[in-house]
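For reference, the structure is listed below as structure tokens.
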Amino acid sequence: MLAAILAVIPWVAYLWIGSYNRVQPVLFGITFFYWYQTVWLAISAVLLAVAAAIIYRGDEH
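In structure tokens form, the structure reads like this:
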């Protein structure tokens, strides 16, 4: 169940358009939309890696 929740979190973040449909604030000259997407890309990778580790924890081939 925890693995499923971890896998769904990025989907919610990406589909909740109102949370990133803006220009401000700007970070290092990059508009909010772009750095929000980039940060969530990294967070998604970590969350999905943890979810995969949970799923395959006891599965040794």
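Okay, so the sequence shown: first residue is 19 according to this note's numbering, each after it adds one. Beta carbons: idealized from backbone N, C-alpha and C, even for Gly.
For residue i and residue j, which I take to be in contact (beta-carbon distance under 8 Å), what is that distance rounded to the nearest angstrom?
i   : j   : result
F50 : V57 : Actually they do not touch by this definition, with Cβ atoms about 10 Å apart.
A31 : A69 : The Cβ separation is near 15 Å, so there is no contact.
Along the chain, where does the alpha helix (DSSP H) containing residue i start, and where does it finish?
i   : result
F51 : F50 to I73
I35 : Careful: I35 lies outside any alpha helix (DSSP H) and carries neither H nor E.
Tell me residue i's beta-bridge partners as DSSP assigns them.
i   : result
L45 : I48
So, for residue i: in the same chain, excluding its five sequence neighbours on each side, which residues have a beta-carbon less than 7 Å away from its beta-carbon?
i   : result
I73 : A21
How about residue i and residue j: are their beta carbons less than 7 Å apart?
i   : j   : result
I27 : L65 : yes
Y52 : Y38 : no
Quick one: what's got a C-beta closer than 8 Å to residue i's C-beta in the same chain, skipping five residues either side?
i   : result
V41 : T49, F50 and F51
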